[in-house]
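Student: Numbering (this note's numbering), first residue to last: 31 to 364. Even glycine gets a Cβ: it sits at the ideal position worked out from N, Cα and C. So that we are looking at the same thing, I have put the structure below in structure tokens.
Here it is as structure tokens:
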């Protein structure tokens, strides 16, 4: 495994991190989830990403149990706050009340005294940013989180967040956006702003919900049991990529992957890691074998020719509009 700084901070994270958004506590039985975590540890992954909302808080519980017995100082555990975790109007958002209550719940479920990174899972339009940042500052001062990050924030929101964090004396070090060969909306604004401010990207869905594995074929129904057939498992996220033009072009990437000695999935993960602003790429898994395969993308340097060919093949179907970031954040709390 290779390691990178998280933004301009001193924290080192594994180039490939393990995330349990769509697996632990929902799609995958606990024994299989634990096996995947153990496989990640065996492959040198030290960075684990989750969120309080995943599987209605069960994902944090499963991860906490799976990591029991590991040396805590040798791990980087990340979680998030924003989405609803209860029925009440204050069981969501980034109010002081919800942040301070949520960190306690997350620590209890994860069986740890602190998280290395606590992230705002979306931008909260109904809470003053000053209130949110003051609450995060208190979480850091209380020793319950070492660093603060955000997810799916615009460049302008990141800039204002970093400004307030510095005024309050803590570090906002990361952004967690969707990023892949097919989804490049962060490149125009978020990445340049983040590079200027010392914020690193921890990217999710580098394989575009499985589309970049090549298992979805043009003109064919999605494989049984795949994410595209699971309404509870992110099928709505994958639909934007399931058209014959995209799927045909993905198949055309096969020679590029083969020449690099990689599978299509490994090529996809390696591709996001070519961006110097990316600190880590999050992978998920339902089987240990998937972890062992995808970590082979760590440390890979793709040639300029390979990068140009990827751009040429995918060009017309790549989404680049930075305004799409706002589409991922509710205008009002859910």
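Tell me, which residues are paired with residue 77 by DSSP?
Tutor: Paired residues: 106.
Student: Since I believe residue 205 is in contact with residue 36 (beta carbons under 8 Å), could you give me their beta-carbon distance rounded to a whole number of angstroms?
Tutor: So it is not a contact: roughly 10 Å between Cβ atoms.
Student: Quick one: residues in its chain with C-beta nearer than 7 Å to the C-beta of residue 65, no 5 flanking neighbours on either side, listed in chain order?
Tutor: These residues qualify, in order along the chain: 318.
Student: For residue 126, which residues in the same chain have their Cβ closer than 6 Å to its Cβ, ignoring the five residues on either side in sequence?
Tutor: Result list for residue 126: 161, 165, in chain order.
Student: Could you check the C-alpha separation between residue 100 and residue 273 for me, to the nearest Å?
Tutor: Near 43 Å, if we compare the C-alpha coordinates of residue 273 and residue 100.
Student: Return yes when the Cβ of residue 236 is within less than 9 Å of the Cβ of residue 302, no when it is not.
Tutor: A contact, by the Cβ cut-off of 9 Å.
Student: Who are residue 33's beta bridge partners in DSSP?
Tutor: Its beta-bridge partners are 44.
Student: State the Cα-Cα distance for the pair residue 343 and residue 283, rounded to the nearest angstrom.
Tutor: Distance between the alpha carbons of residue 343 and residue 283: 7 Å.
Student: Evaluate residue 251 with the Cβ neighbour count: other Cβ atoms within 10 Å of its Cβ, from every protein chain shown; 16 or more gives buried, anything less gives exposed.
Tutor: Exposed: under 16 other Cβ atoms inside 10 Å.
Student: Checking the sheet assignment: what are the DSSP bridge partners for residue 208?
Tutor: Answer is 234, bridged to residue 208.
Student: Would you say residue 183 and residue 150 are within 9 Å of each other, going by their C-beta atoms?
Tutor: Going by C-beta atoms, residue 183 is nearer than 9 Å to residue 150.
Student: Which of the three DSSP states, helix, strand or coil, is assigned to residue 363?
Tutor: Looking at residue 363 - three-state DSSP - the assignment turns out to be coil, as it is neither helix nor strand.
Student: I'd like to know whether the C-beta atoms of residue 148 and residue 167 end up nearer to each other than 9 Å.
Tutor: Cβ atoms of residue 148 and residue 167: not closer than 9 Å.
Student: Going along the chain, which unbroken runs of the beta strand (DSSP E) with 3 or more residues stay wholly within the region 126-171?
Tutor: Whole beta strand (DSSP E) segments, 3+ residues: 145-150.
Student: By Cβ distance, which residues of its chain are closer than 6 Å to residue 192, with the 5 residues on each side in sequence left out?
Tutor: 202, 227.
Student: Can you grab the Cα-Cα spacing for the pair residue 271 / residue 169, in whole Å?
Tutor: Looking at the two C-alpha atoms, the distance is approximately 39 Å.
Student: Excluding the five sequence neighbours on either side, which residues of its own chain have a C-beta within less than 6 Å of the C-beta of residue 248, listed in chain order?
Tutor: Taken in chain order, the residues that qualify are 274, 277, 278.
Student: Under DSSP, the alpha helix (DSSP H) around residue 218 begins and ends at which residues?
Tutor: Note, residue 218: premise wrong, no alpha helix (DSSP H); not H, not E.
Student: Select from 86, 233, 95, 129 the residue whose C-alpha is nearest the C-alpha of residue 116.
Tutor: For residue 116, the nearest C-alpha among the options comes from 86.
Student: I'd like to know whether the C-beta atoms of residue 132 and residue 145 end up nearer to each other than 9 Å.
Tutor: No, the pair does not count as a contact, with Cβ atoms beyond the cut-off.
Student: I'd like the span of the alpha helix (DSSP H) that includes residue 191, first residue to last.
Tutor: Taken as a continuous stretch (DSSP letters only), the alpha helix (DSSP H) holding residue 191 covers 185-198.
Student: Helix, strand or coil for residue 242 per DSSP?
Tutor: Residue 242: helix per DSSP, three-state reduction.
Student: Which ranges does the alpha helix (DSSP H) cover as unbroken runs of at least 4 residues, wholly within the region 293-361, from first to last along the chain?
Tutor: Taking only runs of at least 4 residues, the alpha helix (DSSP H) segments lying wholly in the region 293-361 are 294-303, 318-324, 334-344, 354-357.
Student: Distance, Cα to Cα, residue 291 vs residue 324?
Tutor: So the alpha carbons of these two residues sit roughly 13 Å apart.
Student: If you reduce the DSSP assignment to three classes, tell me which class residue 112 lands in.
Tutor: In this structure, residue 112 counts as coil in the three-state DSSP scheme.
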